[in-house]
Amino acid sequence: MTYEPWLRYFRGNPSRQQTFDDALDWSRKTPLTPIQARMIARSLQRFELGEGGDGEKLLAKAAQAGDPVYTAALKLFVVEEQKHSALFLLALQYLSAEPLASHWSDRAFVLLRRSLGLRMELMLFLVAESLALEYFRALRDGAPDPLIRLLGARVFSDEVEHIRFQIHRLAEGYADTPAAVRRIVHAGWWILAIGAALVLSWDHRGALRVCGVPPRRFLPAALRAFATASSAVLSAGQKLGPSAGAYTDPDIPQAGPGADTGGVSPAVPAGPVFQDAGRRRQ
Ligand SMILES: [Fe+2]
Ligand SMILES: [Fe+2]
C-alpha cells in the first residue's frame with residue numbers, strides 16, 4: 027500500500043475537525059475549581075510545548091528516505107501536531123495559565139529525537155502517542171468541564187490515526203527484519219515504553235486524578251495501548267491505511283472488513299464523539 031490514502035486523509039482532516047473547532051467556545055467560563063484548573067493546566071502546558079515543533083529535522087530525514095508522498099503526508103501530520111499545540115494554548119488561556127518557556131522532559135525528548143534516524147524517531151513517536159492516547163481518553167471521558175472533554179475528544183480522534191500512520195511506516199521498515207532481531211527490538215522498545223509510561227503517569231498525575239483516573243489505573247491502560255501498537259508493527263507487520271481496522275480501540279467503531287474508506291476516516295465521526303464528549307461525568 028502506498029501513502030496516497032494517508033495523504034488524502036491528512037488533506038481532508040481539517041474540514042472534518044472543523045466540527046470540533048467550531049464547538050470549542052473558549053469564551054466560556056470554566057466550571058473547574060481553581061485547584062482542578064491548575065492541575066489540568068499544568069498537564070496541558072507540557073503538551074503545548076511538546077507538540078509545537080516545526081518538524082524540520084524530521085521532514086529532512088523523511089525527504090532523504092526518498093518517498094515524496096510519505097514526506098508530504100508527514101508534513102501534514104506535523105501541521106496537525108502544531109494545531110494540537112495551538113488548541114492547548116487556547117485551553118491554557120481559558121484556564122488562566124501561562125504556557126511554559128521550556129521543560130526538561132521536552133528538551134530531553136527533542137535531543138533524543140534529533141540524534142536518531144527516521145525509523146527510531148518514529149518508534150519514539152509511537153511510544154509517546156500510544157501512551158498519550160490514554161491520557162486524552164481520560165480527558166475526553168472524565169474531565170469535569172465539557173470544553174476540556176471536547177478538547178480531549180478532538181485530540182484523541184487525531185491521535186488514533188497518527189498511531190496508525192506510524193504503524194504503517196514502521197511495519198514497512200521492519201518487514202524484512204528477521205524474527206529474532208524483531209523480538210530483540212521489541213524488548214528494547216518495551217523498556218523505553220515502561221520508563222516513559224512511569225514518567226507520564228507521575229508527571230500528569232494531578233490532571234489524571236481530576237479526570238477520575240488514578241495513575242495506578244492509567245499505567246496499565248497506557249501500556250496496553252503501547253502493546254497493541256508495537257505488536258501491530260513487529261508481530262503482525264500491519265501496513266495500515268487510515269482507519270481500516272487493525273489498530274483497534276474498544277471504544278471506537280471500526281470500518282467493516284473491506285470497507286472502502288476512500289482515505290477518509292470513518293472511525294471517529296465528529297458527531298458521535300462530540301456528543302460523547304459533551305456527556306456528563308458519571
Ligand atoms: Fe498530538
Ligand atoms: Fe500525534
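Each residue of the sequence shown is one higher than the one before, starting from 27 at the first, in my numbering. Cβ coordinates follow ideal geometry from the N, Cα and C atoms, glycine included. If you're wondering where the values come from, they're calculated on a predicted model, not measured in any experiment.
Helix, strand or coil at residue i according to DSSP, with G and I counted as helix
i, result
"GLY178", "helix"
"HIS129", "coil"
"TRP215", "helix"
"TRP228", "helix"
"LEU165", "helix"
"ARG54", "coil"
"ASP171", "coil"
"GLY282", "Confidence at GLY282 is low in this model, with a pLDDT of 32, below 50, so the placement of that residue should be treated as unreliable; the coordinate-derived value is given next. Three-state DSSP puts GLY282 in coil, outside helix and strand."
"ASP184", "helix"
"PRO60", "helix"
"GLN264", "coil"
"GLY199", "helix"
"GLY221", "helix"
"SER156", "helix"
"PRO276", "Unreliable positioning characterises PRO276 in this predicted model, as indicated by a pLDDT of 44, which lies under 50. The coordinate reading is nonetheless provided below. Three-state DSSP puts PRO276 in coil, outside helix and strand."
Pair within 9 angstroms by beta-carbon distance, residue i and residue j
i, j, result
"ALA67", "ALA112", "no"
"LEU260", "HIS188", "no"
"GLU124", "GLN62", "no"
"ALA247", "VAL153", "no"
"SER257", "ARG190", "no"
"SER156", "ASP229", "no"
"GLY238", "MET65", "no"
"SER165", "VAL186", "Here residue 165 is Leu; the residue named in the question, Ser, does not match the sequence. No; because the gap between Cβ atoms is not below 9 angstroms, this pair is not in contact."
"LEU115", "GLY199", "no"
"PRO31", "GLY267", "yes"
"LYS83", "ARG139", "yes"
"LEU234", "TYR161", "yes"
"LEU102", "ASN39", "yes"
"ALA179", "PHE46", "yes"
Cβ distance (whole Å) where residue i is taken to contact residue j below 8 angstroms
i, j, result
"GLY78", "GLN108", "6 angstroms"
"LEU249", "ILE220", "7 angstroms"
"ASP171", "THR56", "5 angstroms"
"ALA89", "TYR29", "Going by Cβ atoms, the distance from ALA89 to TYR29 rounds to 14 angstroms, so no, they are not a contact pair."
"ARG54", "LEU173", "6 angstroms"
"VAL236", "ALA169", "7 angstroms"
"PHE151", "GLN192", "5 angstroms"
"LEU75", "HIS129", "6 angstroms"
"ARG195", "TYR96", "7 angstroms"
"LEU137", "ALA251", "Wrong, their Cβ atoms sit about 25 angstroms apart, outside the cutoff."
"ASP184", "HIS110", "7 angstroms"
"SER227", "PRO204", "34 angstroms between Cβ atoms; not a contact."
Segment limits, alpha helix (DSSP H) that includes residue i
i, result
"TRP32", "30 to 49"
"SER10", "In the structure as shown, the chain begins at 27 and stops at 308. Residue 10 is therefore absent and cannot be evaluated."
Test: residue i CB closer than 9 angstroms to a CB of chain B
i, result
"GLU155", "Annotation note: the requested chain B is absent from the structure, which comprises a single protein chain."
Segments of 3+ residues assigned as beta strand (DSSP E) that fall wholly inside the segment 107 to 153: The segment 107 to 153 contains no whole beta strand (DSSP E) run of 3 or more residues.
Ranges of the alpha helix (DSSP H) found wholly within the segment 63 to 108, counting only runs of at least 4: Runs of the alpha helix (DSSP H) inside the segment 63 to 108: 82 to 91.
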